[in-house]
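Scroll down for the structure; my scribbles are underneath it.
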Amino acid sequence: MRRTLYLVAAWAIVGLLLGACGGGTGGTSGGGATLTVEMGDLYFKPNTLTAKPGQTLQITLDNRGSLEHNFVLYDADGKTVLFEQDGIQPGQKVNIYLKAPEKPGTYPYVCTVPGHREGGMVGTLTVQP
Numbered sequence: 101m102r103r104t105l106y107l108v109a110a111w112a113i114v115g116l117l118l119g120a121c122g123g124g125t126g127g128t129s130g131g132g133a134t135l136t137v138e139m140g141d142l143y144f145k146p147n148t149l150t151a152k153p154g155q156t157l158q159i160t161l162d163n164r165g166s167l168e169h170n171f172v173l174y175d176a177d178g179k180t181v182l183f184e185q186d187g188i189q190p191g192q193k194v195n196i197y198l199k200a201p202e203k204p205g206t207y208p209y210v211c212t213v214p215g216h217r218e219g220g221m222v223g224t225l226t227v228q229p
């Protein structure tokens, strides 16, 4: 009987943990989304993220490369900076919080360390209703 109770409790905890883990790159209906972006030498993985208008995003930037990287999110025009996270050292993880733009569209994010954007370290945040 005691063993059965332990198993039921364990499965309940597993169910709660799985329910709390949002997968993928999209947002949830209402509320926020928790995402992870791996930063390597000249790449973001994933290089596409999605969110709902105005959604709060918690993004863990995980630098797995051998170089310093940063994260800059631009407006759809590609010129106006909406968010900027300074240098993240190799092996470092940083949690950032940002609010997705209210207007649906595609917003580029890049690493602005010289040569990194040109080397392919770019991605997009797509905001869709």
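Residues in the sequence shown are numbered from 101 upward in steps of one, following this note's numbering. All C-beta atoms in this analysis are idealised placements derived from N, C-alpha and C, irrespective of residue type, glycine included. Here the structure is a predicted model, which is why all the values come from computation and not from measurement.
How is the beta strand (DSSP E) around E138 delimited, first residue to last?
Along the sequence shown, one-based indexing puts residue 138 at 38. First-last of the beta strand (DSSP E) with E138: A133 to G140.
Given D175, which residues of its chain have a CB within under 6 Å of its CB, disregarding the five upstream and five downstream residues?
Numbered from its first residue, the sequence shown carries residue 175 at position 75. Once the five neighbours on either side are set aside, the close Cβ partners of D175 are L182.
Residue range of the beta strand (DSSP E) that G223 falls in?
Looking up residue 223 in the sequence shown gives position 123. Where G223 is concerned, the enclosing beta strand (DSSP E) stretches over V222 to V227.
Ends of the beta strand (DSSP E) at E202?
One-based indexing of the sequence shown puts residue 202 at position 102. Element bounds for E202: n/a, residue is neither H nor E.
Report yes or no: do three or more beta-carbon pairs, one from the segment 192–212 and one from the segment 150–168, lie closer than 8 Å?
Because the criterion of three Cβ pairs below 8 Å is met, the segment 192–212 and the segment 150–168 touch.
From G220 to P190, what does the alpha carbon distance come to, in whole angstroms?
Within the sequence shown, numbered from 1, the residue matching residue 220 stands at position 120. Within the sequence shown, numbered from 1, the residue matching residue 190 stands at position 90. Straight-line Cα distance between these residues: approximately 18 Å.
Taking G140 and R164 to be in contact with their CB atoms under 8 Å, please state how far apart those CB atoms are, rounded to whole angstroms.
The count along the sequence shown starts at 1 and reaches residue 140 at position 40. The count along the sequence shown starts at 1 and reaches residue 164 at position 64. About 5 Å; that satisfies the 8 Å criterion.
Could you pull out every residue in the same chain whose Cβ sits closer than 8 Å to the Cβ of L173, ignoring the five residues on either side in sequence?
Mapped onto the sequence shown, residue 173 falls at position 73. So the list reads V181, L182, F183, E184, L198, Y207, P208, Y209 and L225, once near-sequence residues are dropped.
DSSP three-state call for E184: helix, strand or coil?
Locating residue 184 in the sequence shown gives position 84, where the first residue counts as 1. The answer is strand: DSSP assigns E184 an E or B state.
Compare the C-alpha of V213 against each of P146, A133 and F171 and name the closest.
For this step, residue 213 is matched to residue 113 along the sequence shown. Of the listed residues, the one whose Cα sits closest to V213 is F171.
Beta strand (DSSP E) containing K179: first to last residue?
On the sequence shown, residue 179 is found 79 positions in, with the first residue counted as 1. Counting along the chain, K179 falls outside any beta strand (DSSP E), and DSSP gives it neither H nor E.
Is the separation between the beta-carbon of I188 and that of L161 shorter than 8 Å?
Translated into the one-based positions of the sequence shown, residue 188 becomes position 88. Translated into the one-based positions of the sequence shown, residue 161 becomes position 61. Less than 8 Å separates the beta-carbon of I188 from that of L161.
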